[in-house]
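Q: I have a structure here, written as structure tokens, and I will follow up with some questions on it.
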Amino acid sequence: MSTVLVIASDIPISTEIGEAIEAAGLSIEYAAGRSDALQRLRVRSFGAVITSPESDIDEDLALLEELRAIRPGIKCIFLADHSTPEELIAALRSKVFACFTPPFNPRIIASLASDAATDSDWRDDIQILSARPGWVSVRVNCRHITAERLMTFANEFGSRLPEVARQEILHGLREIVMNAMEHGAGFNAEQVVEVTGVRTKRAIVLYVRDPGTGFRRESLSHAAIANPADDPTAHILRREEAGMRPGGYGLLVASGAVDELIYNDVGNQVLLIKYIDLAPEEGVA
Amino acid sequence: MSTVDKLVLTPTEGAQPNQLVYLLQGPLTLGNLFAVQEALKSTAPVLILDLSGVPYVDSAGVGALVQCLVTRRKQGYRLLLVAPNEPVQKLFKLTQVDSLLEVFPTIEAAQSSQDS
Chain S
1 MSTVLVIASD
11 IPISTEIGEA
21 IEAAGLSIEY
31 AAGRSDALQR
41 LRVRSFGAVI
51 TSPESDIDED
61 LALLEELRAI
71 RPGIKCIFLA
81 DHSTPEELIA
91 ALRSKVFACF
101 TPPFNPRIIA
111 SLASDAATDS
121 DWRDDIQILS
131 ARPGWVSVRV
141 NCRHITAERL
151 MTFANEFGSR
161 LPEVARQEIL
171 HGLREIVMNA
181 MEHGAGFNAE
191 QVVEVTGVRT
201 KRAIVLYVRD
211 PGTGFRRESL
221 SHAAIANPAD
231 DPTAHILRRE
241 EAGMRPGGYG
251 LLVASGAVDE
261 LIYNDVGNQV
271 LLIKYIDLAP
281 EEGVA
Chain D
1001 MSTVDKLVLT
1011 PTEGAQPNQL
1021 VYLLQGPLTL
1031 GNLFAVQEAL
1041 KSTAPVLILD
1051 LSGVPYVDSA
1061 GVGALVQCLV
1071 TRRKQGYRLL
1081 LVAPNEPVQK
1091 LFKLTQVDSL
1101 LEVFPTIEAA
1111 QSSQDS
């Protein structure tokens, strides 16, 4: 059974996360601090390490370097008191599994840690194509866990946006990324989706490109977006007839979550635009 | 299969013999769609889903609920939802299914709706 190492045994949130991991069926060990964590890692391997919520990302990155000097493949989930776009880019470059800042949700962190502990194909799942504050481009393998990892980083990049706008942007991005991975790539881990987030003075612009052949809007009778106004379930029957899973609301959700949703002519590239007046220091990236 | 979207469903008996109540804890998303579909296949005439422990729902989750609703209505059965949080209610509105769904603030209110 894989074991997760949780640093900072005396902090309630870390204990809660540890208990949630145990409830998920994995074993845990607590480390009192950085030195103790390194010592424990010399003795045995761990499926994943969760850092102390009282450390910052720069400290966690320094620790990660030491951890990987002992165990090169170690997966690390950062808990930190805050994050900046620069720190998040550094974390992505260092192949950190995920980053979380307050408010922490122990169940979600524990669930991701459980996946991290048993996932052996993660290392190159998120590749940075280009990154600077204000413009981040990544290429991600088409796996559900990778989409969830991407969303944890997107959540942190958007942490200084107004809450409602941030939630809407994340909602739209999640739907489009899942659409891209499922319909564009069939959740084939060998396929990749490209995602770019750009902050402008007045908007957040997201770009998603999938490897599929695209779609035509007139062929979307199985999607809710094609339903007549007086029949919001018309597509359900069409999906049942076609043997498709329940759903078909993705484009409707994404188009409602952002101000503009623009597809290219083929239908395998899409722009999501959300208008927000941003102060210079704010933004997703 | 990822467990990121882990959803726990706990069945309990309803206040009346024809009712079945499920307490859902965790997000209702594409990642756990098939697990929740099994619960939604219940043949209890009144199926009550307590969504108070569901932090968020995605489009696949909405699809599962609406397909369940449509199927149950054809059979003359009901699907009642309890205590969805504000973002989830907003999602129901965004997807234009809010007027179709029967939503109640508490399990007690849902259970007693049968009598009204």
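So the protein lines, in turn, are chains S and D.
In terms of my numbering, the first sequence is residues 1 to 285.
In terms of my numbering, the second sequence is residues 1001 to 1116.
Backbone N, C-alpha and C define an ideal beta-carbon position, used for all residues, glycine too.
Model, not experiment: these values are computed from the prediction.
Check each candidate in Cys142/S, Ala110/S and Arg71/S and name the one with the smallest Cα separation from Glu16/S.
A: Of the candidates Cys142/S, Ala110/S and Arg71/S, the one whose C-alpha sits nearest the C-alpha of Glu16/S is Ala110/S.
Q: Run down chain S in chain order and give the residues with a C-beta less than 9 angstroms from the C-beta of Pro1084/D.
A: Ordered by position in chain S, no residue passes the 9 angstroms Cβ test against Pro1084/D, which lies about 15 angstroms from the chain.
Q: Based on the DSSP output, what are the partners of Gln1025/D in its beta bridges?
A: Answer is Val1008/D and Gly1053/D, bridged to Gln1025/D.
Q: Based on Cα-Cα distance, which residue from Ser219/S, Ile126/S and Pro53/S lies nearest to Pro102/S?
A: If we check each option's Cα against that of Pro102/S, Pro53/S comes out closest.
Q: Can you pull the chain D neighbours of Ile175/S, defined as C-beta to C-beta under 7 angstroms?
A: Note on identity: in this sequence residue 175/S is Glu, with Ile being the wrong assignment. Result: Asp1058 and Ser1059.
Q: Rounding to the nearest angstrom, what Cα-Cα distance links Phe78/S and Thr51/S in this structure?
A: So the two alpha carbons sit approximately 5 angstroms from each other.
Q: Kindly list the residues whose CB is nearer than 6 angstroms to the CB of Thr118/S, restricted to its own chain and excluding five residues on each side of it in sequence; keep chain order.
A: Excluding residues within five positions, the ones whose Cβ falls inside 6 angstroms are Ser2.
Q: For a contact defined as C-beta to C-beta under 8 angstroms, what are the partners of Leu252/S on chain D?
A: Those within 8 angstroms of Leu252/S in chain D are Ser1059, Leu1094, Thr1095 and Gln1096.
Q: Do Asn1032/D and Leu1069/D have their C-beta atoms closer together than 8 angstroms?
A: No.
Q: May I have the straight-line CA-CA distance separating Lys1093/D from Glu148/S, to the nearest angstrom?
A: Approximately 25 angstroms, taken between the alpha carbons.
Q: At 3 residues or longer, what runs of the beta strand (DSSP E) sit wholly inside the stretch 126 to 204 of chain S?
A: The stretch 126 to 204 of chain S contains these whole beta strand (DSSP E) runs: 126 to 132, 135 to 141 and 192 to 199.
Q: Can you tell which of Asp230/S, Glu241/S and Ala224/S has the C-alpha that lies nearest to the C-alpha of Gly248/S?
A: Ranking the options by Cα distance to Gly248/S, first place goes to Ala224/S.
Q: Would you mind telling me which residues of chain S sit closer than 7 angstroms to Gln1067/D, beta carbon to beta carbon, in chain order?
A: Those within 7 angstroms of Gln1067/D in chain S are Ile236 and Pro246.
Q: Using the three-state DSSP reduction, which class does Val96/S fall into: helix, strand or coil?
A: In the structure shown, Val96/S sits in coil (DSSP, three-state: anything other than H, G, I, E or B).
Q: Return the residue from the list Ala1015/D, Gln1096/D, Pro1011/D and Ser1112/D that minimises the CA-CA distance to Thr233/S.
A: Comparing Cα-Cα distances from Thr233/S to each of Ala1015/D, Gln1096/D, Pro1011/D and Ser1112/D, the minimum goes to Gln1096/D.
Q: If we cut at 8 angstroms on Cβ distances, does Tyr249/S have a partner in chain D?
A: So yes, Tyr249/S belongs to the interface.
Q: Whose C-alpha, out of Gly186/S, Met178/S and Ala113/S, is nearest the C-alpha of Leu251/S?
A: It is Met178/S whose Cα lies nearest to the Cα of Leu251/S.
Q: Along chain D, which residues have their Cβ under 9 angstroms away from the Cβ of Thr233/S?
A: Simply Val1066, Gln1067, Leu1069, Val1070, Val1097 and Leu1100.
Q: Exposed or buried, Glu66/S, counting other C-beta atoms within 10 Å across all chains shown (16 or more means buried)?
A: Burial call: exposed.
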